[in-house]
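If you read the sequences in order, they're chains A and B.
Here the first sequence stands for residues 33 to 145, numbered as in the numbering used here.
Here the second sequence stands for residues 23 to 133, numbered as in the numbering used here.
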Amino acid sequence: ETGVTQTPRHLVMGMTNKKSLKCEQHLGHNAMYWYKQSAKKPLELMFVYNFKEQTENNSVPSRFSPECPNSSHLFLHLHTLQPEDSALYLCASSQEFLQETQYFGPGTRLLVL
Amino acid sequence: QKEVEQNSGPLSVPEGAIASLNCTYSDRGSQSFFWYRQYSGKSPELIMSIYSNGDKEDGRFTAQLNKASQYVSLLIRDSQPSDSATYLCAVDGGSQGNLIFGKGTKLSVKP
Numbered sequence: 033e034t035g036v037t038q039t040p041r042h043l044v045m046g047m048t049n050k051k052s053l054k055c056e057q058h059l060g061h062n063a064m065y066w067y068k069q070s071a072k073k074p075l076e077l078m079f080v081y082n083f084k085e086q087t088e089n090n091s092v093p094s095r096f097s098p099e100c101p102n103s104s105h106l107f108l109h110l111h112t113l114q115p116e117d118s119a120l121y122l123c124a125s126s127q128e129f130l131q132e133t134q135y136f137g138p139g140t141r142l143l144v145l
Numbered sequence: 023q024k025e026v027e028q029n030s031g032p033l034s035v036p037e038g039a040i041a042s043l044n045c046t047y048s049d050r051g052s053q054s055f056f057w058y059r060q061y062s063g064k065s066p067e068l069i070m071s072i073y074s075n076g077d078k079e080d081g082r083f084t085a086q087l088n089k090a091s092q093y094v095s096l097l098i099r100d101s102q103p104s105d106s107a108t109y110l111c112a113v114d115g116g117s118q119g120n121l122i123f124g125k126g127t128k129l130s131v132k133p
């Protein structure tokens, strides 16, 4: 399998649930990113990891918790989300940090009830 | 705050015509500019990058950059219905290593 993969592709959860989104890149890249895409809004950067180290937390609420165990895997742990957190969550990777050519995964469509 | 502005559209062009998509950005220090295409329900796909003033051509696509005017555009020649998508302009966010995206312009190519 090549490129950037994400699981699950669709997720429905209640506000009291705990779930995790997974991203895996097969490109040998060193930087990985989480973005949120809401309707009629620009893509919003959430987190950036470079060589497993978090370099950016774009004022994201603590109910979103990222984890990067290695350069190929990135998780987003979710707990006590709000309905306004419903969105498409996109993972991306780039060869190096500060290299802007990013490749996106297919995204996880999240609905919080 | 760094911003990227795009006309949300929809922009409707007939098949075979030239589609022109425009983008302006606020940070004069930006050096890298990208166009992504996003089909409905899908993730963004990089189609063009441009770093220097002038034109860059790739098949039916031409990216144009004017740093003095803080303006970047994408021309699609011989537009096809399969080009119907939302086109996202993205600009480098400087030392943060991130991209700043516009809201996107929805393009509709009518057969």
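Where is the CB? At the ideal position from N, CA and C, for every residue including glycine.
Problem - Residue closest to Val26(B), alpha-carbon to alpha-carbon, out of Lys73(A), Val80(A) and Ala119(A) - result: Lys73(A)
Practice task
For Pro32(B), go through chain A and note every residue whose CB falls closer than 7 Å to its CB, in chain order.
Solution key: Under the 7 Å cutoff, chain A gives no residues; its nearest Cβ is about 13 Å from Pro32(B).
Handout entry: Where the beta strand (DSSP E) containing Lys68(A) begins and where it ends
Key = Ala63 to Gln69
Exercise for the section: Apply the 10 Å Cβ neighbour rule to Val44(A) and answer buried if 16 or more other Cβ atoms are within range, or exposed otherwise. Expected result: exposed
Exercise for the section: Report the option in Phe56(B), Lys89(B) and Tyr61(B) whose CA atom is closest to the CA atom of Phe10(B). Expected result: The requested residue 10(B) is not part of the displayed model; chain B covers only 23 to 133.
Problem - Among Tyr47(B), Ala41(B) and Ile122(B), the one whose alpha carbon lies nearest that of Arg99(B) - result: Ala41(B)
Handout entry: Cross-strand partners of Ile72(B) (DSSP beta bridge)
Key = For Ile72(B), DSSP records a beta bridge to Phe55(B).
Exercise for the section: Please confirm whether Asp105(B) and Leu129(B) have their CB atoms less than 9 Å apart. Expected result: yes
Practice task
Answer with yes or no whether the minimum CB distance from Thr112(A) to chain B is below 9 Å.
Solution key: Among the CB atoms of chain B, none fall inside 9 Å of the CB of Thr112(A).
Problem - Three or more C-beta pairs below 8 Å linking the segment 29-37 of chain B and the segment 53-64 of chain A - result: no
Exercise for the section: In angstroms with no decimal places, state the Cα-to-Cα distance between Leu143(A) and Ser95(B). Expected result: 34 Å
Practice task
Please name the residue in Ser118(A), Lys84(A), Ala124(A) and Val80(A) whose C-alpha comes closest to that of Ser91(A).
Solution key: Val80(A)
Practice task
Check the DSSP bridge columns for Ile122(B) and list the partner residues they point to.
Solution key: Val113(B)
Problem - Residues near Leu110(A) by beta carbon distance below 6 Å, same chain, minus five either side - result: These residues qualify, in order along the chain: Lys51.
Practice task
Output yes if chain A places a C-beta closer than 9 Å to the C-beta of Glu67(B); else output no.
Solution key: yes
Practice task
May I ask you to report which of helix, strand or coil DSSP gives Pro101(A)?
Solution key: strand
Practice task
Round the Cβ separation of Phe129(A) and Asn82(A) to the nearest angstrom and send it over; I've been treating them as touching at under 8 Å.
Solution key: 4 Å
Problem - Any non-hydrogen atom of the ligand COA within 8 Å of Leu108(A) CB - result: Absent from the structure shown: the ligand COA. Ligands present: none.
Handout entry: Interface flag, Ser26(B) vs chain A, CB-CB below 9 Å
Key = In the sequence as displayed, the identity of residue 26(B) is Val instead of Ser. So yes, Val26(B) belongs to the interface.
Practice task
Give the single residue among Gly60(A), Leu113(A) and Ser125(A) whose Cα lies nearest to the Cα of Ser97(A).
Solution key: Leu113(A)
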